[in-house]
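FYI, in our numbering the residues of the sequence shown are 1 to 191. All C-beta atoms, glycine included, are put in the ideal place defined by N, C-alpha and C. These notes concern the structure reproduced below.
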Amino acid sequence: MNPLSSLVTGGARSGKSSFAEKLCMKRSSSGLYIATAQAYDDEMKERLRIHQDRRSDADYRWETVEEPVALPELLETLGQSASDAPAVVVDCLTLWLTNVLLQVEPEGAAAMEERLQLDIGRLARAVQTYPGTVILVTNEVGSGIVPEYPLGRIFRDWAGMMNQRLARVCHEVFLVTAGIPMEIKSREYRI
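Take a look at the structure:
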């Protein structure tokens, strides 16, 4: 099968990560799991442990790399060798976006916008040119209430723009709801 890029989106606890892992396992004999989360507290450490345990229980060879900010650069580096580019699962883009946003937020709104445009654009190009299978996990955050705080609204807006940009460059887009994945890009209504 030719390398495919896939975006997997849905709500919290919808089954996105486990679906992305199974999709990678179907497409490749081994996978590289790029984790963007950072464990700042015990609750997050426990969430990460559950994800790691699920991958270690699978009869599949996973390698895990933690990269909270330099995701585009990592994909570019991994993609330099077309002959042995690993199948990649990135989990998750909205955590990566949060990490970038929090890193640049003290510099002000103009710096945030410039950095996010550059980083999301670079990520989209890295996905487009990646010579192997790449599966991106993200959250659909725009269906809920409008966040009360400005940073929350900025995050929600940029998450939506990021998801749209990556959906355009990926071969497939899956929406996972209640553990049921549906491929939606092939059903896109074009005007």
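Which word fits residue i, buried or exposed, when buried means at least 16 other C-beta atoms lie within 10 angstroms of its C-beta?
i, result
"R55", "buried"
"V137", "buried"
"P150", "exposed"
"M112", "buried"
"P106", "exposed"
By how many angstroms is the C-alpha of residue j removed from the C-alpha of residue i?
i, j, result
"V89", "V134", "6 Å"
"V65", "L23", "19 Å"
"Y33", "D91", "7 Å"
"Y40", "V100", "16 Å"
"S18", "E148", "31 Å"
"R122", "E73", "8 Å"
"I50", "T177", "20 Å"
"S81", "A126", "13 Å"
"R27", "L7", "15 Å"
"M1", "R187", "In this prediction, M1 scores a pLDDT of 42, lower than 50, which makes its location untrustworthy; the coordinate-derived value is nonetheless stated afterwards. Going by the C-alpha atoms only, they are around 21 Å apart."
"L95", "L48", "13 Å"
"Q52", "I191", "43 Å"
If I measure Cβ to Cβ from residue i and keep anything under 8 Å in the same chain, skipping five residues before and after, which residues do I get?
i, result
"Y130", "P3, S5, L75, L78, G79, A85, V88"
"M44", "A37, Q38"
"G31", "E21, C24, M25, Y60, R61, W62, E63, P86, A87, V88, V89"
"E140", "T9, G10, G11, N163, L175"
"I184", "V173, F174, L175"
Compare the Cα-Cα distances from residue i to each of the options and report the closest residue.
i, options, result
"S29", "D59, A37, D119", "D59"
"V146", "L136, T138, G160, V137", "G160"
"Q128", "E172, M25, V100", "E172"
"G10", "E107, L118, S143", "S143"
"L71", "Y189, G15, L116", "L116"
"S83", "E188, G132, S186, E67", "G132"
"E67", "R13, A35, E114", "A35"
CB-CB under 7 Å to residue i, same chain, minus the five flanking residues each way: which ones, in chain order?
i, result
"Q103", "V69"
"M162", "L93, L97, I120"
"M234", "Lying outside 1 to 191, the shown extent of the chain, residue 234 is not represented and no answer is given."
"I180", "none"
"A124", "R165, L166, V169"
I'd like the list of long-range same chain contacts for residue i, defined as Cβ closer than 6 Å, with 5 residues on each side in sequence excluded.
i, result
"S14", "V176, T177"
"K16", "V8, G10, V137, V176"
When you compare the stretch 166–178 with the stretch 142–157, are there three or more beta-carbon pairs, one atom per stretch, that lie closer than 8 Å? Contact between the stretch 166–178 and the stretch 142–157 is absent, because fewer than three Cβ pairs lie under 8 Å.
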